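FYI, the numbering for the sequence shown is 5 to 314, going by the numbering used here.
Cβ coordinates follow ideal geometry from the N, Cα and C atoms, glycine included.
All values reported here derive from a predicted model rather than from experimental measurement.
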Amino acid sequence: MQANPRPTWRTRAVPVVGAVATALVLAMCTVGASGPLTTVIPSLIGGSAVAAVLWAVRRWRADRADYERRLTEWAAAEAVLAERLHIARDLHDLVSHGLGLITVRTAATRRLPASPEVREALDDIEETSRHATAELRRMLTVLRDPSDPGPRNPLEDLRALPEIVRAAETTGLRPRLAADALGVVTQGVQVAVCRTVREALSNAARHAGPTGVDVRLRRDGPFVVVTVADEGPAPGGWHAVPGAGHGLDGLRERISSLGGTLTTTRAGNGFHLTARIPDHPPATDGEQATPHASDLHQVITAPRREGDGS
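Laid out in structure tokens, this is it:
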């Protein structure tokens, strides 16, 4: 944004000052004069001054609109870049966790009876895994925000969704969460689902105010589908808080990085957001690989107990 500074009146004042100076010179020339010029010149002076002012105002408005457009584009690009950094950090956490498990399992397997060739292969696997983990940690130091040197929070999984929904109730929303049995869901998709629900509820709170919101998770073949649909603001009861939509831009970037799609539509007075995220979990036992998906279904379908505060 530094190459295109914010427009100011000073940048457009030169023509106006020039017109005023010319008008003053012409006015001085008519002092003590007689004849038609005494009538024509004042008219020319007034017309020129008005034209100069109108031109300056129109030019300033055009520059202002262009500046605001560029500012919006820049902010959107910054939001996408910030989300890419978040994705890179999450990817680091996911991959380093997997490599850590490989290292531990390999070290444990080396204690079992095995041939020298197998032991040598296990040594190579363990060394490669440790080296890759160290490289990922170096990358994280580059991606980390210098203003936030503290430790990162653990990655969210599907078990966090009920709490995300309950937190939205403090904004006046009336969210309803429903989830089908999703089976095995990989960690990266779980993070994306949580980010989708959080951003969609925040968007509903800004634009619709106190209203009902349905949050639903289901599986459609290889896709995990997240739908968040609000009922819209009550007639005459809420003035939407303007936003630039950068949160949705960042969310779309995250989902696109996973090969998914994000669509938004208007339905009557409400706003619907749908994310379709491809998920290809490993062929392992679902309860051991990701218990979070089944836990979520149990949490949602279980009746609330008296005195649980929710």
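Sub-8 Å separation of residue i and residue j beta-carbons
i: Leu186; j: Val228; result: yes
i: Thr231; j: His276; result: yes
i: Leu262; j: Val193; result: yes
i: Pro237; j: Ala204; result: no
i: Arg180; j: Val219; result: yes
i: Ile106; j: Ser133; result: yes
Whole-angstrom distance between residue j and residue i, CA atom to CA atom
i: Gln191; j: Thr137; result: 18 Å
i: Gly102; j: Ala233; result: 35 Å
i: Pro226; j: Ile281; result: 8 Å
i: Thr278; j: Leu266; result: 6 Å
i: Val108; j: Ser260; result: 33 Å
i: Arg222; j: Asp184; result: 5 Å
i: Pro214; j: Ala172; result: 10 Å
i: Glu124; j: Leu140; result: 24 Å
i: Thr268; j: Arg258; result: 15 Å
i: Val57; j: Arg68; result: 16 Å
i: Asp224; j: Asp161; result: 20 Å
i: Val195; j: Gly104; result: 19 Å
i: Gly51; j: Arg74; result: 35 Å
i: Arg114; j: His135; result: 18 Å
i: Ala53; j: Ala271; result: 52 Å
i: Glu130; j: Thr110; result: 6 Å
Residue environment, residue i, which counts as buried when at least 16 other CB atoms sit within 10 Å
i: Thr174; result: exposed
i: Val197; result: buried
i: Gly264; result: buried
i: Ala55; result: exposed
i: Asp70; result: exposed
i: Ala60; result: buried
i: Ala112; result: exposed
i: Leu126; result: buried
Supposed close pair residue i, residue j - CB separation, criterion 8 Å
i: Asn273; j: Glu235; result: 7 Å
i: Val201; j: Leu165; result: 6 Å
Please list the segments of the beta strand (DSSP E) lying wholly inside the region 104-128, counting only runs of 3 or more residues, in order along the chain. none
Which ranges does the beta strand (DSSP E) cover as unbroken runs of at least 3 residues, wholly within the region 202-272, from first to last along the chain? 216-224, 227-234 and 265-271
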